[in-house]
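Counted from 1, the sequence shown has number 69 at position 8 by the numbering used here; the numbering is strictly sequential. All residues carry an ideal CB built from backbone N, CA and C; glycine is no exception.
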Amino acid sequence: GILSGYCFIDIGLRVSLINITILTEKHEHDCRSKSKLNERSQPIEHLVKELEERAKELNCLYKIEDALNHSDISIEEAFKIVVDSIPPGWQYPDITRAKLEYKGMVIKNEDFQETLWFMRTDIRIGDDVYGHITVYYLKETRQFDEGPFLKEERKLLNTIAERLCHFIMHKDSFAFISELESIKGVS
Numbered sequence: 062g063i064l065s066g067y068c069f070i071d072i073g074l075r076v077s078l079i080n081i082t083i084l085t086e087k088h089e090h091d092c093r094s095k096s097k098l099n100e101r102s103q104p105i106e107h108l109v110k111e112l113e114e115r116a117k118e119l120n121c122l123y124k125i126e127d128a129l130n131h132s133d134i135s136i137e138e139a140f141k142i143v144v145d146s147i148p149p150g151w152q153y154p155d156i157t158r159a160k161l162e163y164k165g166m167v168i169k170n171e172d173f174q175e176t177l178w179f180m181r182t183d184i185r186i187g188d189d190v191y192g193h194i195t196v197y198y199l200k201e202t203r204q205f206d207e208g209p210f211l212k213e214e215r216k217l218l219n220t221i222a223e224r225l226c227h228f229i230m231h232k233d234s235f236a237f238i239s240e241l242e243s244i245k246g247v248s
């Protein structure tokens, strides 16, 4: 009886050990498979996120470019469109606000608030600074390339400022030519 009991316990332990081993090996195999899948899908997910960010930036630029290409738009209207187009182009649109300052004029988003987390670029024409565009985050976020901002957002802000400079120079040139024509017409 004792031997049988012993054998039964021994067989039972072997069966239990085999089941545990099989479960453990299957679990390890599943984990390795999931790990390999995560290793493959993680770069894909990261790539998709990166592409979504670049698409937001491009949409921001397209909207600004479209507005600035209308010759009949006033500087104030153009600046308002620029300021309103900036938040959707940034990584965290819900907490992004923008302010554009130009020759004493200040255009801001609704619910604008200055915070510690901002990036700024000058509006330059030649060597002269005529204003600034500043982008703020309303609250602290993760740190990236330039504080809480991505390096692509820096490039985007600089591109927007450069495009604004071209728009302003075009408006100034058009006003100058119109003034010359009116003077010519008077004499």
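- In this structure, the beta-carbon distance from residue 215 to residue 126 does not fall below 8 Å.
- Residue 182 sits close to residue 218, with the two beta carbons spaced by under 8 Å.
- A direct Cα-to-Cα measurement between residue 179 and residue 158 gives close to 9 Å.
- Sequence-distant Cβ neighbours of residue 198 in its own chain, meaning closer than 7 Å and more than five residues away, are 153, 156, 157, 176, 178, 209.
- In this chain, the alpha helix (DSSP H) harbouring residue 137 covers 136-150.
- Counting the other CB atoms within 10 Å of its CB gives residue 161 a total of 16 or more, which places it among the buried residues.
- Remark: C-beta atoms of residue 222 and residue 184 approach each other more closely than 8 Å.
- If you check the CB distance, residue 220 and residue 119 do not come in under 8 Å.
- Setting aside the 5 residues that flank it on each side, residue 211 is surrounded in the same chain by 114, 152, 205, each with a C-beta closer than 8 Å to its C-beta; the list follows chain order.
- For residue 162, the secondary structure class from DSSP, reduced to helix, strand or coil, is strand.
- Separation of the CB atoms of residue 148 and residue 170 is rounded to 7 Å, and the pair is thereby assigned contact status at 8 Å.
- One Cα belongs to residue 202, the other to residue 237, and the distance between them is close to 46 Å.
- When the beta-carbon positions are compared, residue 139 and residue 235 stay at least 8 Å from each other.
- Counting only the Cα atoms, residue 144 lies some 13 Å from residue 174.
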